[in-house]
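S.K.: So the sequence shown is numbered by my numbering: it starts at 605 and just counts up by one. Quick reminder that beta carbons are idealized off the backbone N, C-alpha and C, glycines included. No experiment lies behind these values; they were computed from the predicted model shown.
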Amino acid sequence: MFKLSLVPMRAIARALALAASALAASLPAAAHQHAHTHGHMTLDVAVDAQTITLAIASPLDSFLGFERAPRTDAERKRVADMVARLNAADQLFEPDAAAACRLSRVDLASEALGLGAAQGHSHGGKAEHADIAVDIVFTCTRAAQARFIDVKLFDAYPRLRSIDAQVAAPQGQFKRSLRPGAARLGLTR
Ligand SMILES: [Zn+2]
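(1) Would you call the CB atoms of arginine 709 and valine 683 closer than 8 Å?
(2) Quick one: give me the first and last residue of the beta strand (DSSP E) that arginine 706 is part of.
(3) Taking 6 Å as the limit between beta carbons, can you name the residues of its chain near alanine 772, skipping five residues before and five after?
(4) Name the two residues that bound the continuous alpha helix (DSSP H) containing alanine 684.
(5) Opposite glycine 790 in the DSSP bridges: which residues?
(6) Assign serine 662 to buried or exposed, taking buried as 16 or more other Cβ atoms, counted over all protein chains shown, within 10 Å of its Cβ.
(7) Would you list the residues sitting across from glutamate 698 in a DSSP beta bridge?
(8) Helix, strand or coil for glycine 669 per DSSP?
(9) Please state whether DSSP places proline 747 in a helix, a strand or coil.
(10) DSSP three-state label for alanine 659, please.
(11) Nearest by alpha-carbon distance to arginine 780: which of Asp685, Asp648 and Phe667 is it?
(12) Which residue wins for smallest C-alpha separation from alanine 702, given the options Ile656, Pro784, Lys756 and Pro762?
(13) Taking the CB atoms as reference points, tell me whether leucine 664 and valine 738 lie closer together than 8 Å.
(14) Since glutamine 775 and arginine 793 should fall inside the 8 Å C-beta cutoff, what is the C-beta to C-beta distance between them, to a whole number of angstroms?
(15) Quick check: the Cα distance between arginine 675 and histidine 733, rounded to an integer number of angstroms?
(16) In terms of DSSP beta bridges, what is histidine 644 paired with?
This is the structure we're talking about:
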C-alpha cells in the first residue's frame, strides 16, 4: 500500500501546485463546451421513443486536415469524400440492434465550405479556423431499448482524438468521454 507519510511534504506541496496550475490552464476550454480544439469534438445525443438524434460540433481539421474552402482538385475531392462519408452516417454510428434503427436524415453545415444553412455566406477562407456541424437522425422501432451506440469516427478520422458526449435518454442526462479504443457510447447510467 502507498504510504503517504513517507513522501516529503515539499514534494506533496509541489505536486499540489502543479495540479492546481494544470487545472487552471484547462478551465477556459472546459467552461466553453463548443470551444475550437483540434482533435476534439462534442456530440449531443437525444433518445426519444422513436428517434435517436446526434449532433456533432467539430473543428473541420479533424475531418479534412484543413479549415477553409478547397483550393485544388485534391482538396475538392477531400471535401466531396467527407460529405459522402458523413451522409452515410450509419457507417459511422451504429446504434444497438435491439433498437431497430434506420438512418433517416443527415444535415451538414459549415460556413467555410458553404454547406447547409450557411450556404452563400462563406468568407472565402479568410478565417483562421472553421467548424462543421452535423445533425443525424435515426428512426427506430424501439429507440428506448438502445443500450449503446458504437462510434466508428476514430477509425474513419485518425486526426480525431476525443469526443465529449452529452446524452439525454429516458434514463436521464449524463456525460461520457470517448477516445480511440473506447468508442462505445453507453446510453444507460
Ligand atoms: Zn482550427
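M.R.: Let me spell this out:
(1) The residue given as residue 709 occupies position 105 in the sequence shown. The residue given as residue 683 occupies position 79 in the sequence shown. Between arginine 709 and valine 683, the CB-CB gap reaches or exceeds 8 Å.
(2) As a first step, residue 706 is located in the sequence shown; it is residue number 102 there, counting from the start. Note, arginine 706: beta strand (DSSP E), 705-713.
(3) Here residue 772 refers to the residue found at position 168 when the sequence shown is read from its first residue. Once the five neighbours on either side are set aside, the close Cβ partners of alanine 772 are Ala650.
(4) Here residue 684 corresponds to residue number 80 of the sequence shown, with the count starting at 1. 677-691 is the extent of the alpha helix (DSSP H) around alanine 684.
(5) Translated into the one-based positions of the sequence shown, residue 790 becomes position 186. The partner list for glycine 790 (beta bridge, DSSP) reads Phe752.
(6) As a first step, residue 662 must be located in the sequence shown, where it is residue number 58. The residue in question, serine 662, is buried, as its Cβ has 16 or more Cβ neighbours within 10 Å.
(7) Taking the first residue of the sequence shown as 1, we reach residue 698 at position 94. DSSP, once it has assigned bridges, lists Asp754 as partnering glutamate 698.
(8) To locate residue 669, count along the sequence shown from 1; it is residue 65. Glycine 669 falls in the coil class under three-state DSSP.
(9) The sequence position of residue 747 within the sequence shown is 143, counting from 1. The residue asked about is misnamed: residue 747 is alanine in this sequence, not proline. In this structure, alanine 747 counts as helix in the three-state DSSP scheme.
(10) One-based indexing of the sequence shown puts residue 659 at position 55. Alanine 659 sits in a strand when the DSSP states are folded into three classes.
(11) Here residue 780 corresponds to residue number 176 of the sequence shown, with the count starting at 1. Shortest Cα-Cα distance from arginine 780 to any of Asp685, Asp648 and Phe667 involves Asp648.
(12) Locating residue 702 in the sequence shown gives position 98, counting from the first residue. Among Ile656, Pro784, Lys756 and Pro762, the Cα nearest to that of alanine 702 is on Ile656.
(13) Here the question's residue 664 lines up with position 60 in the sequence shown. Here the question's residue 738 lines up with position 134 in the sequence shown. Not closer than 8 Å, so no.
(14) Taking the sequence shown and counting its residues from 1, the one referred to as residue 775 is at position 171. Taking the sequence shown and counting its residues from 1, the one referred to as residue 793 is at position 189. Right, the Cβ-Cβ distance comes to about 5 Å (below 8 Å), so this counts as a contact.
(15) For this step, residue 675 is matched to residue 71 along the sequence shown. For this step, residue 733 is matched to residue 129 along the sequence shown. Computed Cα separation, rounded: 16 Å.
(16) Numbered from 1 along the sequence shown, position 40 holds the residue referred to as residue 644. Answer is Ser766, bridged to histidine 644.
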